[in-house]
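Engineer: Handing you this structure, nothing more for now.
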Amino acid sequence: MDILMAVGTPHASRWMQAVQCVLPEAHVRAWRQGDDEPADYALVWKCDAAALKPRAGLKAVFNLGAGVDALLAMLPGVLVEAPIYRLEDAGMAQQMADYARYGVLHHMRRFEAYRQQAARGEWKALDAMHRRDMPIGVMGLGSLGEHVARTLAADGFIVRGYSRSTKTIDGIQTFGSPDGLDAFLEGLHVLVNLLPATADTHGLINARTLARLADNACVINLARGMHVHEADLLDALDSGKLAFAMLDVFTHEPLDAAHPFWRHPRVMVTPHISAVTLIDDSARQVADKIAAIEAGRAVTGRVDPSRGY
Ligand code: OXD
């Protein structure tokens, strides 16, 4: 079996080793410019579009990250014909849930305000917030979003979920796009974004949608920078509508050194680390999916390019 690896990050050789380890019989090669030789499977992440050209024998392409937006953006030029699969969870869901839970607790226990008070040497107890008074909304209920929503609900929070078509999840009030958006947002104290990046979700977090949240709300963005209208978010922070934003993803990454998010007193910036891809777990998942394809069994996680995820 021929496996083509096209990984445009410094972890390329770690990926090669991990894939060779879980598929010891396979011939694993790194893609190089001009390589249009046959391959059974292509494993790609942040790759050159030329690696995605149709090639003889290709049975599937695996995207080695959570979001498929960058891969799908390259497709119109290259028209890869094989089915595309995304990573499903592979250790990312728990990391996302940890990040979201940290942000929610940071907000609920008013740690940002206490940090600022401490910097001034000010000893003052602020009013406490309680779970029952602070509904949380999770936008995007794919495998990561659903896990985050379930984790927060299991922590005793009142959780709402929003997705393209209305899902049923025990203990979570769910809403479908687009008609349910306003009811979903109404009075939320925390908005956690885990939407896929599509034309429909572009700029969805904007002045209009932020206005529906409770006053002093918090936004946690774990999905893509393109979901957020940055100027509207800054206005909402400056006007006090938002008390806090915890942002892991940005329209342009790395975030420009002069960007106001860096120094905003109510923004916490992290460098796209909310869920780091676990290479060994992910390689194992890809190997299991390859085994299923080879055996003619059904495989989950197939990307629908027309939906954008
Ligand atoms: C992503 C990832 O898709 O880091 O953002 O996996």
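Numbering (UniProt numbering), first residue to last: 1 to 309.
For every residue, glycine included, the Cβ atom is placed at its ideal position computed from N, Cα and C.
Computed from a predicted model, the values in this text were never measured in an experiment.
#1: In this structure, what does DSSP give as the bridge partners for L75?
#2: Starting from W45 and walking both ways along the beta strand (DSSP E), at which residues does that stretch end?
#3: Curious, which full-length alpha helix (DSSP H) runs of at least 4 residues does the segment 122-204 contain?
#4: Tell me which residues share the same chain as I136 and place their Cβ nearer than 6 angstroms to its Cβ, disregarding the 5 neighbours each side in the sequence.
#5: Going by the C-beta, is T251 closer than 7 angstroms to any heavy atom of the ligand OXD?
#6: Nearest to M139 by alpha carbon, out of G171, S177, A154 and E122?
#7: Contact check, M5 vs E25 under 8 angstroms by CB: the rounded distance?
#8: State buried or exposed for Q33, treating a residue as buried only when at least 16 other CB atoms are found within 10 Å of its CB.
#9: Considering only heavy atoms of the ligand OXD, does any lie closer than 7 angstroms to the CB of H272?
#10: Spell out the partners DSSP gives V228 in its beta bridges.
#11: Along the chain, where does the beta strand (DSSP E) containing V219 start, and where does it finish?
#12: Once the 5 residues before and after E242 are set aside, which same chain residues still bring their CB inside 8 angstroms of it?
#13: Got a sec? Which residues, its chain only, sit under 6 angstroms from R131 by beta carbon, not counting five neighbours each side?
#14: Ignore the nearest five residues each way along the sequence and tell me which others in A163's own chain have a CB closer than 6 angstroms to its CB.
#15: L181 and L195 - do their beta-carbons sit closer together than 8 angstroms?
#16: State the start and end residues of the unbroken beta strand (DSSP E) segment that holds M16.
#17: Quick one: what does DSSP say A93 is sitting in, helix, strand or coil?
#18: State the DSSP-derived secondary structure class of M1, mapped to helix, strand or coil.
#19: Taking just the CA atoms, how far does H272 sit from V249?
#20: Taking the alpha carbon of D304 as the reference point, which residue from A42, Q117 and L71 has its own alpha carbon closest?
#21: In chain order, what residues of the same chain have a beta carbon less than 8 angstroms from the beta carbon of H229, not counting five sequence neighbours either side?
#22: I want to check one thing, is the minimum distance from the CB of A66 to the heavy atoms of the ligand OXD below 7 angstroms?
Structural biologist: Result, derived from the coordinates:
#1: Residue 75 sits at position 75 when you count from the first residue of the sequence shown. Note: L75 sits in no beta bridge, so no partner.
#2: If you number the sequence shown from 1, residue 45 lands on position 45. Per DSSP, W45 belongs to the beta strand (DSSP E) from Y41 to W45.
#3: With a minimum length of 4 residues, the unbroken runs of alpha helix (DSSP H) contained wholly in the segment 122-204 fall at 143-154 and 181-185.
#4: On the sequence shown, residue 136 is found 136 positions in, with the first residue counted as 1. Exclusion of the five residues before and after I136 leaves L152, F157, V159 and V190 as the residues of its chain whose Cβ lies within less than 6 angstroms of its Cβ.
#5: On the sequence shown, residue 251 is found 251 positions in, with the first residue counted as 1. Remark: the C-beta of T251 is outside contact range of the ligand OXD, defined as less than 7 angstroms to any heavy atom.
#6: Residue numbering aside, residue 139 sits at position 139 when the sequence shown is read from its first letter. Here the closest residue by C-alpha is S177.
#7: Taking the first residue of the sequence shown as position 1, residue 5 is located at position 5. Taking the first residue of the sequence shown as position 1, residue 25 is located at position 25. 16 angstroms between Cβ atoms; not a contact.
#8: Indexing the sequence shown from 1 puts residue 33 at position 33. Counting the other Cβ atoms within 10 Å of the Cβ of Q33 gives fewer than 16, which makes it exposed.
#9: By one-based count along the sequence shown, residue 272 stands at place 272. Taking 7 angstroms as the cut-off, the C-beta of H272 counts as close to a heavy atom of the ligand OXD.
#10: Sequence index remark: in the sequence shown, residue 228 carries index 228 (1-based). In DSSP, V228 forms a bridge with I205.
#11: In the sequence shown, residue 219 corresponds to position 219, counting from 1. For V219, the uninterrupted beta strand (DSSP E) run begins and ends at A217 to N221, by DSSP.
#12: As a working mapping, residue 242 is identified with position 242 in the sequence shown. Contrary to the premise, residue 242 reads as Leu rather than Glu in this sequence. Counting only residues of its own chain and dropping the five nearest sequence neighbours on each side, L242 has a CB closer than 8 angstroms to the CB of L210, L213, N216, A217, C218, V219, L233, A236 and R266.
#13: As a working mapping, residue 131 is identified with position 131 in the sequence shown. Excluding positions up to five away in sequence, the list reads G156 and F157.
#14: The sequence position of residue 163 within the sequence shown is 163, counting from 1. A small fix is needed here, since residue 163 is Ser in this sequence, not Ala. Excluding sequence neighbours, S163 sits near L141.
#15: Along the sequence shown, read from residue 1 onward, the residue named residue 195 stands at position 195. Along the sequence shown, read from residue 1 onward, the residue named residue 181 stands at position 181. Cβ atoms of L195 and L181: not closer than 8 angstroms.
#16: Taking the sequence shown and counting its residues from 1, the one referred to as residue 16 is at position 16. Run containing M16: none in the beta strand (DSSP E); it sits in the alpha helix (DSSP H), A12 to V22.
#17: Residue mapping note: residue 93 aligns to position 93 of the sequence shown, counting from 1. A93 falls in the helix class under three-state DSSP.
#18: The residue given as residue 1 occupies position 1 in the sequence shown. Residue state, collapsed to three classes: coil.
#19: Residue numbering aside, residue 249 sits at position 249 when the sequence shown is read from its first letter. Residue numbering aside, residue 272 sits at position 272 when the sequence shown is read from its first letter. Computed Cα separation, rounded: 5 angstroms.
#20: Taking the first residue of the sequence shown as position 1, residue 304 is located at position 304. Ranking the options by Cα distance to D304, first place goes to L71.
#21: Within the sequence shown, residue 229 is the residue found at index 229, counting from 1. Excluding positions up to five away in sequence, the list reads G203, I205, N206 and A207.
#22: Along the sequence shown, one-based indexing puts residue 66 at 66. Yes, the Cβ of A66 comes within 7 angstroms of a heavy atom of the ligand OXD.
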